[in-house]
């Protein structure tokens, strides 16, 4: 495997060629290695390092061991944003997957206006989250906003959707589902198109109904896609916080804050980079855990080919 | 019976699609009509470009456009060069430390620069680059994702083509340029579309590292412009929102198939 390690018995020319191959390869990789080291590997290690030190405001930072971590475990806001993140993931991931599957099944068939439907479902994917947040912010505006105007027309009274801790998460979840479902649809669509039509013909000959076929044949065949999408959606739910900056700033009273947004606040509003580093270690651990599960269960073939 | 269930499904699909287009349709309505029509849907409402003119005059959107254009070009150009070289090494060379290095590249697939904001801010600040466009771009130039995609593509290039080029006396760099790069065209397009969309839309990191009109991309400019404190009229904010998303949206409408296929290829890997 590693050709640079070789026996002395090999001829001189081959050894020279090998040496050249190594130099060539490393030179080709140099830009990538330097940049990855500077903006991925070093920051990961440095986050870990800073999480063991006190905050240095100009002066020397002291080694404090696990003090930051104890502080984190006693921080109510930390537990709240973590809980919010789990709730947010549970609210958005299954819903977007179910909708994505429904959309894909529709668009895969010979349905009237198929390309228009696909366009309508996919469009939110290409829009910037920040623009989407602006538009939806207006939907949720109390009294004046579209949602309240609509509800008033039906005889309901106005409601401060984003200002009420009991509705804010659902409002954000609906928006994110709207933004993401069309993206996941295309993976289901691709998977559906690989299912051989003979299967369907055979099922029809056997007299199997459409719903039965879907449940017993299509769904199991789509299982790998479902897993793949679930994991990607889960990772997204930990990474996507742009909307909070515009719509709620994590409020009211942290009811809509997510872990990454909390990190952003702690680091850049409260200027507590030591605690932000500790929170980042937690986020990195979660993401690495999810991604490793993905590698073990899904990417094994790609990984070791 | 069967016919009926078909038409019910068609109806449901269309209802969902129209619902899905509603937010976008609404933003267009509000952007192209005077503000008194922001929530009054009257088909006789006069069309106007006034909101756009006002948005354009109230904030330096021309400069934001330029910044975003420079940003996405810089990121894409950097990514293409860096990933091509790295992917070539991984796909076609056997060298000391290959497996370890590849694993180190894959780390970025799990822990993206998006979550390393605190430490990356330190790095950028140490490099004295705060509040510049390269500061926004740098963490993304080495893309594990790009390296991964191109490596897969390059691995599929038949050996005969490489040998033929070698016989003609091409150096390893010549082989890369004349054989691998042209054969990677679809991968480059897929990766390019995904990268441009991503960085056109990216927000949190640019928000953190920029602090002036000269470096702010459109997304950050829009957020600053639309902040409630500014008291800007709703229709004008919507016009600004439409301006921010228009270029990508138009590109998507024109090249729908390529967009969908690229997002898919890039996602599935």
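Residue numbers (the working numbering), protein chains in the order written: chain Y, 1 to 305; chain H, 306 to 574. Using N, Cα and C, we set each Cβ at its ideal position, and we do this for glycine too. A quick note: this is a predicted structure, and the numbers were derived from the prediction, not measured.
query: Can you list the alpha helix (DSSP H) stretches of 4 or more residues lying completely in the segment 205-286 of chain Y, in chain order?
result: 210-213, 223-239, 242-247 and 259-268
field: Closest residue to residue 427 (chain H) among Y:169, Y:267 and Y:253 (Cα-Cα distance)
entry: Y:267
query: If we count Cβ pairs, one from each stretch, closer than 8 Å, do we get three or more for the segment 274-294 of chain Y versus the segment 38-52 of chain Y?
result: yes
query: Is residue 84 (chain Y) near the ligand FMN, going by C-beta to nearest heavy atom under 8 Å?
result: Ligands in the displayed structure: none, and consequently the ligand FMN is not present.
- request: Report the residues of the segment 396-421 of chain H with a CB closer than 9 Å to any CB of chain Y, ordered along the chain.
  value: 397, 398, 399, 400, 401, 402, 403, 404, 406, 409, 410, 411, 412, 413, 414, 415, 416, 417, 418, 419, 420 and 421
task: Please go through the same chain and pick out, in chain order, the residues whose beta-carbon is closer than 7 Å to the beta-carbon of residue 515 (chain H), but skip the five residues on each side of it.
output: 436, 441, 521 and 525
message: Could you pull the DSSP bridge partners for residue 53 (chain Y) from this structure?
response: Y:63
query: With residue 391 (chain H) and residue 548 (chain H) assumed to form a contact (beta carbons below 8 Å), what rounded beta-carbon distance in angstroms separates them?
result: With a Cβ gap of about 36 Å, residue 391 (chain H) and residue 548 (chain H) do not count as contacting.
query: Expressed to the nearest angstrom, what Euclidean distance is found between the alpha-carbon atoms of residue 175 (chain Y) and residue 559 (chain H)?
result: 25 Å
message: I'd like the list of long-range same chain contacts for residue 462 (chain H), defined as Cβ closer than 7 Å, with 5 residues on each side in sequence excluded.
response: 484, 485 and 488
task: Let me know if residue 372 (chain H) comes out buried or exposed under the rule of 16 or more other beta-carbons within 10 Å of its beta-carbon.
output: buried
message: Considering Cα atoms alone, identify which of H:355, H:550, H:512 and H:445 is closest to residue 242 (chain Y).
response: H:512
message: Please tell me whether residue 321 (chain H) and residue 169 (chain Y) are closer than 9 Å, where the distance is taken between their beta carbons.
response: no
message: I want to see whether chain Y comes within less than 9 Å of residue 314 (chain H), judged by CB atoms only; does it?
response: yes
- request: Starting from the Cα of residue 128 (chain Y), find the closest Cα among H:517, H:538, H:499 and H:316 and give me that residue.
  value: H:499
query: Per DSSP, what kind of secondary structure is residue 144 (chain Y) in: helix, strand or coil?
result: coil
- prompt: Is it the case that the Cβ atoms of residue 231 (chain Y) and residue 290 (chain Y) are separated by a distance below 9 Å?
  reply: yes
query: Does the beta carbon of residue 561 (chain H) sit closer than 9 Å to a beta carbon anywhere in chain Y?
result: yes
message: Could you tell me the alpha carbon to alpha carbon distance between residue 575 (chain H) and residue 405 (chain H), rounded to whole angstroms?
response: Outside the displayed span of chain H (306 to 574) sits residue 575 (chain H), for which this structure offers no information.
query: Taking any Cβ of chain Y, which residues in the segment 488-512 of chain H have a Cβ under 9 Å from it, in chain order?
result: 502, 505, 506, 507, 508, 509 and 512
- request: Could you tell me if residue 490 (chain H) is buried or exposed, where buried requires 16 or more neighbouring beta carbons within 10 angstroms of its beta carbon?
  value: exposed
- request: Determine, using beta carbons only, whether residue 375 (chain H) comes closer than 9 Å to chain B.
  value: Among the protein chains in the structure shown, which are Y and H, there is no chain B.
- request: Consider the Cβ of residue 521 (chain H): report whether some Cβ of chain Y lies at a distance smaller than 9 Å.
  value: no
query: Quick one, are the C-beta atoms of residue 528 (chain H) and residue 364 (chain H) less than 9 Å apart?
result: no
- request: Kindly say whether residue 444 (chain H), judged by its beta-carbon, lies nearer than 9 Å to any beta-carbon of chain Y.
  value: yes
query: Hey, how far is the Cα of residue 225 (chain Y) from the Cα of residue 20 (chain Y)?
result: 43 Å
- prompt: Nearest to residue 555 (chain H) by CA position, among H:502, H:540, H:519 and H:509, is which residue?
  reply: H:502
Distance between residue 85 (chain Y) and residue 56 (chain Y) (C-alpha atoms, nearest Å): 30 Å
field: residue 119 (chain Y) beta carbon less than 9 Å from that of residue 561 (chain H)
entry: yes
field: residue 462 (chain H) - DSSP class collapsed to helix/strand/coil
entry: coil
Partner residues on chain H for residue 284 (chain Y), Cβ-Cβ distance less than 9 Å: 415, 416, 420 and 421
query: Hey, how far is the Cα of residue 3 (chain Y) from the Cα of residue 214 (chain Y)?
result: With a pLDDT of 45 at residue 3 (chain Y), under the threshold of 50, the modelled position of that residue is not reliable, and no figure is offered here.
Identity of the residue in Y:204, Y:240 and Y:219 nearest residue 509 (chain H) by Cα: Y:240
- prompt: Do we get a CB-CB distance below 9 Å when we pair residue 441 (chain H) with the residues of chain Y?
  reply: no
task: Starting from the C-beta of residue 375 (chain H), find all residues in its chain whose C-beta is less than 8 Å away, skip the five residues before and the five after it, and write them out in chain order.
output: 438
query: So residue 421 (chain H) and residue 44 (chain Y) are in contact, right, with Cβ under 8 Å, and what is the actual spacing, rounded?
result: 7 Å
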